[in-house]
Amino acid sequence: SGTPQEQGVFDFTLQVMDGTSQAATKELSLSVRQAQGWEMAVGTPTSSDLGSVSMVSATDGWAVGFWGTILHYDGTSWSELSSLTSNLLLSVSMVSATDGWAVGTGSTILRFVGTPPLAPPSDLTAKATFSTQTNLSWQDNSDNEEGFKIERKMAGGVWKEIAIVETNVINYSDSSGLDPNTTCSYRVKAYNAKGDSDYSNETSVTTPEDLSRNLEGVVVYPNPFRPGRGDTSIKFANMTSNVAIRIYNVTGELIRQEENINTGAWEWDGKNDSGQVVATDCYIYIIMNNNGEKTGKICVIR
């Protein structure tokens with residue numbers, strides 16, 4: 004007999020009787036404490052008794068039991084997988100996320116050989132190369148993907164898949180339905196026959212205004228350039244988007260170049276690519292875009 008006391012302590016009196024009606028009496032106390040941190044998992048997809056569990060990580064675990072029951076935990080819920088046996092499985096032990104063993108009655112031994120989970124791509128960047136085109140690049144972190152799925156979201160819109168590229172491809176040019184001066188976001192994920200990876204980081208870009216593609220309206224000034232009289236740079240204005248500029252001396256040597264100018268304007272500070280001030284002389288400039296080029300001459304007077 005016993006009476007429960009506070010804090011889960013139970014006091015008992017134990018009597019042992021022998022054949023001579025002599026009794027031995029012993030006072031006992033049993034302390035019962037509530038298990039701290041444990042809770043009942045809900046949503047178990049089976050009514051079978053379970054006998055063993057093995058956790059690879061906090062988001063990857065396996066359990067086995069009667070009738071060959073095999074369950075997998077993905078960090079959110081348990082799901083039941085098809086089994087190769089109806090025997091009672093007594094124990095499961097996972098070596099890694101892709102390698103595990105289960106044993107049971109009837110000399111049953113099962114081995115799990117899984118596909119490594121897909122690592123999501125990373126370092127996604129987007130650059131507007133035209134008023135209606137962006138170029139994407141990312142880091143491939145998997146060696147078992149079948150390709151990549153590219154999604155885009157316009158400002159205020161929802162994510163939509165716009166392209167699928169093959170394995171090991173890490174670049175994509177998007178020109179589908181883009182308008183000038185528009186902001187959009189991108190994300191990428193890897194995929195294979197087992198499913199999709201998590202998404203990469205998200206990145207956003209704004210396409211430039213639709214500047215005229217005709218270079219005839221380009222203005223270069225002041226010309227001549229006299230830095231000693233207050234001028235600080237030679238300005239190239241009214242250019243199109245996605246322009247490249249080359250500047251040569253009179254002997255044909257390339258002294259300065261600039262790529263991917265999308266603002267419609269650029270300033271030359273009178274220095275070469277090494278940062279050295281160019282001498283008094285005349286120089287040839289070539290302005291190029293996808294539709295052609297424009298050539299002119301500028302003079303520097305120091």
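Quick note: to get the working numbering, add 3 to the position in the sequence shown (first position is 1). Ideal Cβ placement from N, Cα and C applies to all residues, glycine included.
Where residue i sits in the DSSP three-state scheme
i: G159; result: coil
i: E219; result: helix
i: G255; result: coil
i: R269; result: The sequence shown places Trp at residue 269, rather than the Arg named in the question. Looking at W269 - three-state DSSP - the assignment turns out to be strand.
i: R232; result: helix
i: W70; result: helix
i: S43; result: The sequence shown places Met at residue 43, not Ser. Three-state DSSP puts M43 in coil, outside helix and strand.
i: E164; result: strand
i: K197; result: coil
i: A27; result: strand
i: A131; result: strand
i: T170; result: coil
i: G64; result: strand
i: T111; result: strand
i: S51; result: coil
i: Q136; result: strand
i: S125; result: strand
i: G180; result: coil
i: L87; result: coil
i: D77; result: coil
i: D146; result: coil
i: E212; result: coil
i: V281; result: coil
i: N275; result: coil
For residue i, the first and last residue of its enclosing beta strand (DSSP E)
i: D105; result: According to the sequence as given, residue 105 is Ala; it is not Asp. Start and end: D102 to G107.
i: Y202; result: No beta strand (DSSP E) holds Y202; DSSP gives it neither H nor E.
i: E83; result: W81 to L84
i: M97; result: L92 to S99
i: G298; result: The identity of residue 298 in the sequence shown is Thr, whereas the question assumes Gly. Residues G295 to V303.
i: N292; result: D284 to N292
i: K238; result: I237 to A240
Option in the options with minimal Cα separation from residue i
i: L87; options: V98, T101 and V67; result: V67
i: T62; options: D77, T72, D52 and V56; result: D77
i: V222; options: M58, S94 and K297; result: K297
i: T258; options: G267, V280 and M58; result: Note that residue 258 corresponds to Ile in the displayed sequence, not to Thr. Closest option to I258, Cα to Cα, is V280.
i: V246; options: Q260, E256 and T254; result: Q260
i: S145; options: T47, F133 and S125; result: S125
i: W162; options: E169, I153 and T170; result: I153
i: S179; options: T254, W269, T135 and G267; result: T135
i: N184; options: G160, Y175, Y224 and F133; result: F133
i: T283; options: G273, E219 and M58; result: G273
Residue i vs residue j beta-carbon contact at 8 Å
i: A193; j: P120; result: no
i: G117; j: A100; result: yes
i: K156; j: S188; result: yes
i: I287; j: I264; result: no
i: A131; j: T206; result: no
i: I304; j: F228; result: yes
i: F69; j: S55; result: no
i: F115; j: G107; result: no
i: V208; j: W141; result: no
Cβ distance (whole Å) where residue i is taken to contact residue j below 8 Å
i: I173; j: D143; result: 5 Å
i: A27; j: Q18; result: 7 Å
i: D177; j: T128; result: Not confirmed; about 13 Å, so no contact.
i: K300; j: A268; result: Rounded, the Cβ-Cβ distance is 20 Å, inconsistent with contact.
i: T72; j: L93; result: Going by Cβ atoms, the distance from T72 to L93 rounds to 12 Å, so no, they are not a contact pair.
i: P48; j: L74; result: 7 Å
i: E164; j: G150; result: Actually they are not in contact, since the Cβ atoms of E164 and G150 sit about 12 Å apart, beyond 8 Å.
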